[in-house]
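Comments concern the structure below.
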Amino acid sequence: MDLSARPADGADDRAEQAGIFFREGVAVSSRIPVLAIVGPTAVGKTSASIALAERIGAEVISVDSRQVYRYLDVGTDKISLSVRRRVIHHMIDVVDPDQVFSAADFTTGCSDAIDRILARGRVPLLAGGTPFFFEAFFKGMLSAELPKSEEIRRELEEFAREKGADALHSLLRSVDPTSAERLHVNDVRRVVRALEIHRLTGERVEDAWEKRVALGEPHRYDVLYLGIVKERRLLFERIDERVREQFSSGFVEEVAWLLENGYDERFPSMQGFGYKDIIEHLRGECSLEEAAESDARQTKAFSRRQMTWFRKFSPIIWYDTDDCTEDELIISMEREALRHLG
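Sequential numbering of the sequence shown, starting at 34, is according to the numbering used here.
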């Protein structure tokens, strides 16, 4: 085959729109290559990202909606300062617990972090399990790009106060089951936003986003997804083990300190499983054992939602950690990463 041959008429324009140019007849992506490690909670993303970062000269960008909050350490399984001194991490300890941190905030911060990493001649490596943040960043799905209505939002918030979070979530499931599957019933703020978008556009959130992405500019990043999976029974055992470790390593004391400093369930940061459960325990509404069981149960349900979303997203190279050692996993990831980075 003649590699020096030019593309057919009109192909140049189509290639440019896709972020591709031709060098000596060979198609080359003009987008910036980045790496992403994805997978469900407790599958081993953190250890894999640290090991891979050390091998290829990368800095890690945390894609975790709870690790952005300062003081939420034990319950979010936050990476220790000693590890962060060894491998630079971004998007951790960004805001205080009484602040709202949106997908738009993550997208802005992540883009800035990538620019800083590239300026140092390092490799950007995103790692985490918050599907909404990955979606917002790599698909250009900023909620800010979609229509808003304060009136509709207030109406939906009033509905949630009167009827409850379950009723609000059921309403979303009736019009946008995909978003309902992704969003936890207690994540009232995002459920309201999804319903608001549906009321204004008549479309599911995913469809509304996709339509705007199709009309917009191609994304500047060329992402390679490396996914980690584990047999569900074994994953659930790891989740149980993690919850036990958290509850015996100062999780309750962490929540008590947060409450003493005015950070309670009014704030989104404190509404996640684990934190909300311990608040109920500290107020005498449930036993410590019941709080831990609730935390583990909700974490397992979330892990199922994570996998449902990731399997429908961009092509992902999946690694089943039941079939390989950690060293084999990292060596294979390194090989794919170096190929992608060129």
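By construction, the Cβ of each residue, glycine as well, lies at the ideal position given by its N, Cα and C atoms.
Treat the numbers as computed from the prediction; the structure is a model and nothing was measured.
Self-check item: Nearest-angstrom Cα separation, counted from residue 322 out to residue 283
Solution: Your numbering for residue 283 matches position 250 in the sequence shown. Your numbering for residue 322 matches position 289 in the sequence shown. Rounded to whole angstroms, residue 283 to residue 322 spans 15 Å at the Cα level.
Quiz item: Is it true that the region 155 to 163 meets the region 83 to 95, where meeting means three or more beta-carbon pairs spaced less than 8 Å apart?
Solution: Taking a cut-off of 8 Å on C-beta distances, the region 155 to 163 touches the region 83 to 95, as three or more cross pairs fall below it.
Practice problem: Could you tell me if residue 78 is buried or exposed, where buried requires 16 or more neighbouring beta carbons within 10 angstroms of its beta carbon? | Solution: For the purposes of this step, residue 78 is identified with residue 45 of the sequence shown, where counting begins at 1. Result: buried.
Quiz item: residue 419 lies in the beta strand (DSSP E); which residues open and close that run?
Solution: This structure cannot settle anything about residue 419, because the visible part of the chain is limited to 34 through 375.
Quiz item: Do you know whose CA, among 83, 139 and 131, lies nearest residue 118's CA?
Solution: Taking the sequence shown and counting its residues from 1, one reaches residue 118 at position 85. Of the candidates 83, 139 and 131, the residue whose Cα lies closest to the Cα of residue 118 is 83.
Quiz item: So the beta strand (DSSP E) residue 92 belongs to, where does it begin and stop?
Solution: Locating residue 92 in the sequence shown gives position 59, counting from the first residue. 91 to 96 is the span of the beta strand (DSSP E), which, as asked, contains residue 92.
Quiz prompt | Segments assigned beta strand (DSSP E), at least 3 residues, entirely inside the region 214 to 301 | solution = DSSP runs (the beta strand (DSSP E)) wholly in the region 214 to 301: 254 to 262.
Exercise. Could you spell out where the beta strand (DSSP E) holding residue 65 opens and where it closes?
Key: Position 32 of the sequence shown holds residue 65. Start and end: 65 to 71.
Quiz item: Out of curiosity, what's the CA-to-CA distance linking residue 354 and residue 275?
Solution: Position 321 of the sequence shown holds residue 354. Position 242 of the sequence shown holds residue 275. Taking the straight line joining both Cα atoms gives about 17 Å.
Quiz item: Quick one: what's got a C-beta closer than 8 Å to residue 211's C-beta in the same chain, skipping five residues either side?
Solution: Position 178 of the sequence shown holds residue 211. Within the same chain, residue 211 has close Cβ partners 237, 238 and 239.
Quiz item: residue 114 to residue 124, Cα distance in whole Å?
Solution: Within the sequence shown, the letter at position 81 stands for residue 114. Within the sequence shown, the letter at position 91 stands for residue 124. The alpha-carbon of residue 114 is positioned some 14 Å away from that of residue 124.
Quiz item: Which residues in the same chain have their Cβ closer than 6 Å to the Cβ of residue 103, if we skip the five residues on either side of it in sequence?
Solution: For this step, residue 103 is matched to residue 70 along the sequence shown. Taking C-beta separations shorter than 6 Å and ignoring five residues to either side along the sequence, the partners of residue 103 in its chain run 126 and 129, following chain order.
Quiz item: Of all the options 66, 203, 218 and 187, which has the alpha carbon lying nearest to the alpha carbon of residue 148?
Solution: The sequence position of residue 148 within the sequence shown is 115, counting from 1. The candidate whose alpha carbon is nearest that of residue 148 is 66.
Self-check item: Neighbour-count burial assignment, residue 180, 16 or more Cβ in a 10 Å radius
Solution: Here residue 180 refers to the residue found at position 147 of the sequence shown. Under this definition residue 180 is an exposed residue.
Quiz item: Which ranges does the beta strand (DSSP E) cover as unbroken runs of at least 3 residues, wholly within the region 292 to 374, from first to last along the chain?
Solution: The region 292 to 374 contains these whole beta strand (DSSP E) runs: 349 to 353.
Practice problem: Excluding the 5 residues preceding and the 5 following residue 254 in the sequence, name in chain order all residues of the same chain whose CB lies nearer than 7 Å to its CB. | Solution: Here residue 254 is taken as the residue at index 221 of the sequence shown, counted from 1. Excluding positions up to five away in sequence, the list reads 64, 65, 67 and 171.
Practice problem: Give the DSSP bridge partners of residue 122, in chain order. | Solution: On the sequence shown, position 89 is the one that residue 122 refers to. The secondary-structure analysis by DSSP pairs residue 122 across a beta bridge with 93.
Quiz item: Rounded C-beta distance between residue 73 and residue 336? I'm assuming under 8 Å.
Solution: Within the sequence shown, residue 73 is the residue found at index 40, counting from 1. Within the sequence shown, residue 336 is the residue found at index 303, counting from 1. So it is a contact: roughly 4 Å between Cβ atoms.
Quiz item: Where do the ends of the alpha helix (DSSP H) carrying residue 140 lie?
Solution: Counting from 1 along the sequence shown, the entry for residue 140 is found at position 107. Counted as a single uninterrupted DSSP element, the alpha helix (DSSP H) harbouring residue 140 occupies residues 136 to 152.
Quiz item: Between which two residues does the alpha helix (DSSP H) harbouring residue 204 extend?
Solution: Locating residue 204 in the sequence shown gives position 171, counting from the first residue. Run containing residue 204: 198 to 208, per the alpha helix (DSSP H) assignment.
Quiz item: What's the call for residue 305, buried or exposed, on a 16-neighbour Cβ count within 10 Å?
Solution: As a working note, residue 305 is residue 272 in the sequence shown. Here residue 305 is buried, its C-beta having at least 16 other C-beta atoms within 10 Å.
Self-check item: residue 109 classed as buried or exposed, judged by whether at least 16 other C-beta atoms fall within 10 angstroms
Solution: Residue numbering aside, residue 109 sits at position 76 when the sequence shown is read from its first letter. Result: buried.
Quiz item: Helix, strand or coil: which one does DSSP assign to residue 76?
Solution: Looking up residue 76 in the sequence shown gives position 43. Reduced to three states, the DSSP call for residue 76 is coil.
Practice problem: For my contact list, residue 116 and residue 263 are in at a C-beta cut-off of 8 Å; report their separation, rounded to the angstrom. | Solution: The residue given as residue 116 occupies position 83 in the sequence shown. The residue given as residue 263 occupies position 230 in the sequence shown. Here residue 116 is actually not in contact with residue 263; their C-beta atoms are around 22 Å apart, not less than 8 Å.
Quiz item: If you draw a straight line from the alpha carbon of residue 296 to that of residue 374, how long is it in whole angstroms?
Solution: Residue mapping note: residue 296 aligns to position 263 of the sequence shown, counting from 1. Residue mapping note: residue 374 aligns to position 341 of the sequence shown, counting from 1. Straight through space, the alpha carbons of residue 374 and residue 296 are spaced by roughly 43 Å.
Quiz item: Measuring CA to CA, which of 367, 372, 360 and 346 is closest to residue 71?
Solution: Numbered from 1 along the sequence shown, position 38 holds the residue referred to as residue 71. That would be 346, whose Cα lies nearest to the Cα of residue 71.
Exercise. Please go through the same chain and pick out, in chain order, the residues whose beta-carbon is closer than 8 Å to the beta-carbon of residue 260, but skip the five residues on each side of it.
Key: Here residue 260 is taken as the residue at index 227 of the sequence shown, counted from 1. For residue 260, where only same-chain residues beyond five positions count, the Cβ hits under 8 Å are 70, 71, 72, 343, 349, 350, 351 and 352.
Self-check item: Bounding residues of the alpha helix (DSSP H) (the contiguous stretch that carries residue 164)
Solution: Here the question's residue 164 lines up with position 131 in the sequence shown. Boundaries of the alpha helix (DSSP H) around residue 164: 164 to 171.
Quiz item: Do residue 367 and residue 151 come within 8 Å of each other at the CB atom, strictly closer than that value?
Solution: Here residue 151 corresponds to residue number 118 of the sequence shown, with the count starting at 1. Here residue 367 corresponds to residue number 334 of the sequence shown, with the count starting at 1. With a cutoff of 8 Å on beta-carbon distance, residue 151 and residue 367 are scored as not near each other.
Exercise. Report the rounded CA-to-CA distance for residue 319 versus residue 312, giving the unit in angstroms.
Key: As a first step, residue 319 must be located in the sequence shown, where it is residue number 286. As a first step, residue 312 must be located in the sequence shown, where it is residue number 279. One C-alpha to the other measures close to 9 Å.
Quiz item: Pick from 112, 105 and 120: whose alpha carbon is nearest that of residue 90?
Solution: Residue 90 sits at position 57 when you count from the first residue of the sequence shown. It is 120.
Quiz prompt | Helix, strand or coil at residue 107 according to DSSP, with G and I counted as helix | solution = As a position in the sequence shown, residue 107 is number 74, starting the count at 1. Three-state DSSP puts residue 107 in coil, outside helix and strand.
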